[in-house]
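Take a look at the structure below.
In this note's numbering, the protein residues as written are 52 to 212.
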């Protein structure tokens, strides 16, 4: 699902008139970050590093966080949010997409909060994964709504990259 969202973000970037370089664009950077998050999800580097820091260096999670890998993941996600926030003014031109991104963010924060602050249990796992599973379709739809808006604004005869 994250790769589908990345593809939709890339499509918005490629079709937006006068789009800057991918790294200067909310849409292009979103595509790259979402792809990177797929790699993180598949390889779990925060889990491995967190366990290593706890076992080898004696690191302890602060502020009621359940484990060190949750702290690392929170830091990664905050960094992603800050990187995108600098370019997010473009979303004001896509109010429906912005509302969907806000809903996605609320679901994702809820998922991460459960994972970070509640002890692992069957209930916590199901609730956390359910919130994550609900967030991803809204994320894809947000990018598709933005893509529709960009395509609707295109002038007839504009080349489609």
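Heads up, the beta-carbon is just placed ideally off N, CA and C, and yes, glycines get one too.
Which of helix, strand or coil does DSSP assign to residue i?
{"i": "residue 135", "result": "helix"}
{"i": "residue 212", "result": "In this prediction, residue 212 scores a pLDDT of 49, lower than 50, which makes its location untrustworthy; the coordinate-derived value is nonetheless stated afterwards. Correct three-state label for residue 212: coil."}
Using only alpha-carbon positions, find the residue among the options that is nearest to residue i.
{"i": "residue 145", "options": "177, 198, 170, 185", "result": "198"}
{"i": "residue 159", "options": "202, 137, 128", "result": "128"}
{"i": "residue 60", "options": "157, 150, 81", "result": "81"}
{"i": "residue 183", "options": "150, 139, 92", "result": "92"}
{"i": "residue 149", "options": "205, 166, 120, 195", "result": "195"}
{"i": "residue 74", "options": "95, 181, 137, 155", "result": "137"}
{"i": "residue 190", "options": "180, 205, 155", "result": "155"}
{"i": "residue 106", "options": "94, 119, 95", "result": "119"}
{"i": "residue 176", "options": "83, 84, 162", "result": "162"}
According to the neighbour-count rule (16 or more other Cβ atoms, all chains shown, within 10 Å of its Cβ), is residue i buried or exposed?
{"i": "residue 108", "result": "exposed"}
{"i": "residue 54", "result": "exposed"}
{"i": "residue 69", "result": "exposed"}
{"i": "residue 63", "result": "buried"}
{"i": "residue 99", "result": "exposed"}
{"i": "residue 167", "result": "buried"}
{"i": "residue 180", "result": "exposed"}
{"i": "residue 152", "result": "buried"}
{"i": "residue 133", "result": "exposed"}
Comparing the C-beta of residue i with each C-beta of chain B, is any distance below 8 Å?
{"i": "residue 177", "result": "You won't find chain B in this structure, because it holds only one protein chain."}
So, do the segment 110-119 and the segment 72-92 have three or more beta carbon pairs nearer to each other than 8 Å? no
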